[in-house]
Amino acid sequence: MTGHDGRTGIRTSKEDELRVVRRPLPRHDQAEKIAGSTRYAADLALAHMLHARLVRSAVPSATITKRDAAAAFAVPGVVAVLFGEDVPHNVIRVDVPGQAVEVAALKASMEVLATDRVRFHGEPVALVVAETEDALAEACDLVEIDYADLPAVFEPGEALQDGAPAVHDQGNLLSEWNIDTGDIAAAFTNAAVVVEGTYQTQAVDHAYLEPEAGVGWVDDEGVLNLRVATQVVEHYRDVARILGIPEARVRVIAPYVGGGFGGKEDMTVEPYLALAVWRTRHPVRMQWTRQESLLARPKRHRMRMRYRTAARGDGTILGQDIEITADAGAYAYLSALVLLYASVHACGPYKTGAVRLRARCAYTNNPPTSAFRGFGGMQVVFGYESQMDLVARRLGLPPAQIRKQNALTRGDVLPVGQPIETEVQLAATIDAVMSRAGAKPPPSGPRKATGRGIASNMQSYGRLTWLNDSAAAWVGFQLDGSLSVRCGVPDIGGGQASSLAQIASEVLAVPMEAITVHFGDSALTPLAGTTTATRQLLMSGNAVYEASMQLREQILGAVGAESGRPAGGLRLQPGRIAGHGTAVSLTDALATCRRANVPIEALGTFFGPKGTPAVRQLQADRVFPDFTFGTHLCDLEVDLDTGQVTLLRYIAAHDVGRAINPLSVAGQISGGAVQGLGMALLEEVVVEDGVNLTGGFFQYLIPTATDVPDIEVVVLESGEGMGPFGARGIGEPPIGPPAAAVASAIHDALGSRPTVLPVTPERVLECAGALTGPGQSVQS
Amino acid sequence: MTGRGSTAEGNGRTLAVHLTVNGRPITRVAGAHLTLLRWLRDAAGVTDPKYGCGEGICGSCTVLVDSAPVSSCLVLAAQVDGAEVVTAAGLCEPDGSLGPLQRAFHERHAAQCGFCTPGMLVAAAAILAGGPPRSRAEIRSELHGNLCRCTGYGPIVDAVEAALQDARQGGQPGQAAAGEAGAP
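Chains as they are written, first to last, in my numbering: chain S, 1 to 780; chain Y, 781 to 964.
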């Protein structure tokens, strides 16, 4: 077992020695998916399976005055109607999932089923179980719930004022982080320029194509099994707490997940499916509708960010004075952590002499907000990159130059106190997009304008160091030389499982087609933690790497001992062990191990780096394991009459350390960029007075194939990451830059900068100064 | 499958629907109100068409009905009684290996989470069947009824473009690349 501090140079293997890593191999999970045979969570059907659905609050803030199941229960085929009183422990504790250690400051709770108070439109109040979907639909409509409205608050700024309606008894301030580094007053006194800006990001939905779903049953050992679309199999612990049964009696299985992006990080169907199965002792399926998913599952935080930036005349950033207010919605979920990420990332990938940051997150009666790809670290890109552009414009500096001259380098210390330990290739990513882009394209006609923008970012990979993160993996040979990998990683579409096969293949010289990865099972695979926080390549990747290295040493040692030659001269090659002028077959070597009582399997556990938790005042040491850096470039054209934006060209460059599978890396970057472009131009969950008006995909517009150009991906490999073979994480980083790059390009085209997302045609026209008056509506 | 007694949507009325799905004749007596998607998934156990939105926007449930791409969440099974239905699984070779279009998807990393993939493949098959090769912009335009949240679309357009090119060159799409693509 090795921790971060025990890492050796072998992780950064030389490129020319790599056999499988860095090869663009079709992922092993692709063929089944393309054949249509992969069974996602909702695709499983069990004999005599029941169906479950939630009845949700129709209002955002109220006392529940009546709950009556009689009419619903009278529908033929209805098996159960459950309220909060039917839940053994009717509380979902919000610490951090999958962790043994709680961070005290972040502790909060919510009811599984609301009993006497609802705090948002869509909050679960009752659970109905029926024999058929039709009976279920009819019965859900007949559950009688009466409400008496309570005062409500919908803007976080208002929620934090004295006398605001209290969403929770303890007050509306959910969390608060502050940074005070350096002499902020001196920074602004000495500044040649001071630039101010206020930026707003919107509520965004994950909008993965697979709505939340799962099937549950009780097995022959009396264990509650939940096969669900989730990023976190460790939620079995939360389910056990709710039901009041031992953790060992609950098993969560994650099949291939149809997209996560953070939206399947908190529990979705799990507690309800568990209740339905436990109460009825029947297999049960629960599948949320798209409308339900949009209505009530947590969104990305709306943030209001006010930046004041001080710079010298040569463009050197002297200080940042930042205030962030975020909307937590009605319940805590992971909001405190999201705000922490926003705070740590708020100054971007730049040396910043002095920092004053005040970040607050408030409860409101809006839908809750929680994890979403980029996790607070991406909203602030819109703030700090807008400021960098404004400083550059004020001083007449090219946007590329001001970024390069302020870029962090190894050894710099972030405002929170964390030193940067790996090489930063930010300048190389800027050069990469600039040299590829060539000249800005001319407008296609009159009343059109073109613009170019760049945006850089940094995004952590690996979980917050305070959480004592770890991942385990088991790697074992079969007697025929094929290899089994067992690792609890959920595969949410990023190639999480396939990358593990590639790592084991590299170390153990086993062909990819001879490797099977068993993953995402809380009972049968070693726990690997959450597929979140861009952590699985770092954590599970290193665990598989450790296990594979250990297994290699065991086998070479046994062969060496039997032949009387030093193991150091032996090498594992495909199908054989060679050295000292001879070779033995792998199967013979495995037989040797068995004769010599040497195991042909190994368990590896990787422990993440540690840091000291802070309370409110962020003056820590290490907060995250490391960061990934990148730069995007956007060329676009604006129609000056309609405000329509056409994306002409989009280039995205990231230093990924080492591309374990270049296809998966390019897929993450391309997909992340397009998801970011959706946030930049199209997407918004519209909530008015707490009522979520976003009822379907016809209202919630995610990018189609015609909304975006080909994403030109540039992959840089510094070999400097903390993952296996020097890899950095790349799941979240690409979603950061697009909104800022688009805003910069519009600024370039129109001479005025959008500061509110999404940049709709109306907002574009405001920038163009062309909107003639209120009430004029311009459709995209 | 059928509701027992009276239910709001179906009034308990059931109906026999006969469809040929991927070459296999299937008859199921099911609720008359079932959409083609629910009929395929819940009554016939054909689960590669996915439920993604239920309102014909996302394209995850796209199937071919008598060769035309259809959002199966928007039509009733009873409306297409007697039709030939092809799903993504129906694009496989008779031995179960990937068909030419599927191989193009496989080689170009056109699936990530894979949930949109069955519908996307069916939409792509309709493009291939539709005649002359097209520009990337035209391919994008024809795919715009199928949402993908993972890939950014580029690899999917690559795959369709390659399959179109193979089809034009050989009449046997995907043949040129067949050696490299693994069977499932």
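The beta carbon of each residue, even a glycine, is placed where N, CA and C say it ideally should be.
Name the chain Y residues whose beta carbon is nearer than 8 Å to that of residue i?
i	result
residue 39 of chain S	827
residue 210 of chain S	830, 832, 893 and 895
residue 459 of chain S	Those do not exist, as residue 459 of chain S stays about 18 Å from chain Y at its closest Cβ, beyond 8 Å.
residue 179 of chain S	Ordered by position in chain Y, no residue passes the 8 Å Cβ test against residue 179 of chain S, which lies about 34 Å from the chain.
residue 509 of chain S	Under the 8 Å cutoff, chain Y gives no residues; its nearest Cβ is about 20 Å from residue 509 of chain S.
residue 214 of chain S	Ordered by position in chain Y, no residue passes the 8 Å Cβ test against residue 214 of chain S, which lies about 14 Å from the chain.
For residue i, return the contacting residues in chain S, with the cut-off set at a CB-CB distance below 9 Å.
i	result
residue 869 of chain Y	35, 36 and 37
residue 921 of chain Y	705 and 706
residue 878 of chain Y	31, 34 and 35
Are the beta-carbon atoms of residue i and residue j separated by less than 8 Å?
i	j	result
residue 607 of chain S	residue 470 of chain S	yes
residue 767 of chain S	residue 758 of chain S	no
residue 475 of chain S	residue 548 of chain S	yes
residue 224 of chain S	residue 251 of chain S	yes
residue 550 of chain S	residue 604 of chain S	yes
residue 109 of chain S	residue 119 of chain S	no
residue 371 of chain S	residue 338 of chain S	yes
residue 897 of chain Y	residue 34 of chain S	yes
residue 832 of chain Y	residue 209 of chain S	yes
residue 294 of chain S	residue 695 of chain S	yes
Any beta-carbon of chain S closer than 8 Å to the one on residue i?
i	result
residue 945 of chain Y	no
residue 853 of chain Y	no
residue 840 of chain Y	yes
residue 907 of chain Y	no
residue 801 of chain Y	no
residue 849 of chain Y	no
residue 918 of chain Y	no
residue 950 of chain Y	no
residue 864 of chain Y	no
residue 931 of chain Y	yes
residue 996 of chain Y	Chain Y is shown from 781 up to 964; residue 996 of chain Y falls before or after that span and cannot be answered.
Using a beta-carbon distance below 8 Å, is residue i in contact with chain Y?
i	result
residue 289 of chain S	yes
residue 697 of chain S	yes
residue 493 of chain S	yes
residue 20 of chain S	no
residue 758 of chain S	no
residue 524 of chain S	no
residue 674 of chain S	yes
residue 98 of chain S	Any reading at residue 98 of chain S must be qualified, since the residue scores a pLDDT of 35, below 50, and its modelled position is unreliable; the value itself is stated next. Output row for residue 98 of chain S: interface = no.
residue 253 of chain S	no
residue 702 of chain S	yes
residue 106 of chain S	With a pLDDT of only 49 at residue 106 of chain S, under 50, the local geometry of the prediction cannot be trusted, and the value read off the model is given with reservation. It does not; no Cβ of chain Y falls within 8 Å.
residue 749 of chain S	no
residue 74 of chain S	no
residue 671 of chain S	yes
residue 779 of chain S	Here residue 779 of chain S scores only 34 on pLDDT, less than 50, and its place in the model should not be relied on; the value that follows carries that caveat. Chain Y contact via Cβ: absent.
residue 781 of chain S	Any property of residue 781 of chain S remains undetermined from this structure, which presents chain S solely from 1 to 780.
List the residues of chain Y that residue i touches, going by C-beta distances under 7 Å, in chain order.
i	result
residue 257 of chain S	893
residue 43 of chain S	827
residue 730 of chain S	The contacting residues do not exist; residue 730 of chain S stays about 13 Å from chain Y at best.
Could you name the residues of chain S that residue i contacts, counting a contact when the two beta carbons are closer than 8 Å?
i	result
residue 874 of chain Y	The contacting residues do not exist; residue 874 of chain Y stays about 13 Å from chain S at best.
residue 898 of chain Y	36
residue 793 of chain Y	Simply none; closest approach about 11 Å.
residue 901 of chain Y	34 and 36
residue 887 of chain Y	26
Measure how close the beta-carbons of residue i and residue j come, nearest whole angstrom, since I'm counting them as under 8 Å.
i	j	result
residue 651 of chain S	residue 598 of chain S	Actually they are not in contact, since the Cβ atoms of residue 651 of chain S and residue 598 of chain S sit about 51 Å apart, beyond 8 Å.
residue 899 of chain Y	residue 847 of chain Y	Contact doesn't hold; Cβ gap of about 16 Å is too wide.
residue 725 of chain S	residue 21 of chain S	5 Å
residue 342 of chain S	residue 182 of chain S	Incorrect: roughly 20 Å between the Cβ atoms, too far for contact.
residue 465 of chain S	residue 622 of chain S	5 Å
What residues from chain S crowd round residue i, counting only those whose CB sits closer than 7 Å?
i	result
residue 859 of chain Y	By Cβ distance, chain S contributes nothing, its closest Cβ being about 19 Å from residue 859 of chain Y, past 7 Å.
Legend entry - Length at least 3, wholly inside the segment 324-376 of chain S: the beta strand (DSSP E) runs in chain order: As for any beta strand (DSSP E) of minimum length 3 sitting wholly inside the segment 324-376 of chain S, the runs are 354-363, ordered along the chain.
Legend entry - 3 or more residues per run - each beta strand (DSSP E) lying fully within the segment 106-154 of chain S: Whole beta strand (DSSP E) segments, 3+ residues: 108-110, 124-130 and 144-149.
Inset, instruction - Just list the alpha helix (DSSP H) runs in the segment 450-478 of chain S, keeping only unbroken ones of 4 residues or longer that don't cross its boundaries, in chain order. - result: The qualifying runs do not exist here; there are none.
Legend entry - Length-filtered (3 minimum) beta strand (DSSP E) runs lying within the segment 259-319 of chain S: Here the runs fully enclosed are 284-287 and 303-311.
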